[in-house]
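Notes follow the structure.
In my numbering, the protein residues as written are 5 to 156.
Structure representation (structure tokens):
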């Protein structure tokens, strides 16, 4: 399942044994418990066939989402300029409604991105600072459920 979505998390045996040891230490598991761990690293790049977590960050939809979000905002601005270029005059009330609509469009685009990026930011800061991401960081995984969903 992980291979289909992100082959970066299929680590080498060296990194696999290191991740298993870290997982056993974190959760207090004994040696008889079977552990399967998928992950990547910034610090241990040499034992993981030169794969870096930055590849995961760049290949995932964060950049694509940001690009299409900016493209959508530019499109809204273009529509507004087209109205002005054709000499369409709008009442003060219509201009207020249009301004409110554009603000709502901007918030609708960036709020889910902000909510989704909080766990990723915590993870990357922790990985770069080489700190332990203990149980308290599990709280941030619930930020994804705070993201509003629209079913079409």
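Note that the Cβ used here is the ideal one computed from N, Cα and C, for glycine as well.
(message) Check whether the region 70-78 and the region 104-113 are in contact - that is, three or more C-beta pairs closer than 8 Å.
(response) yes
(request) Measuring alpha carbon to alpha carbon, tell me which of 16, 128, 120 ends up nearest residue 70. (result) 120
(message) Taking the alpha carbon of residue 16 as the reference point, which residue from 84, 42, 96, 117 has its own alpha carbon closest?
(response) 42
(message) With H, G and I counted as helix, E and B as strand and the rest as coil, what does DSSP make of residue 43?
(response) coil
(message) Can you give me the C-alpha to C-alpha distance between residue 22 and residue 132, rounded to a whole angstrom?
(response) 18 Å
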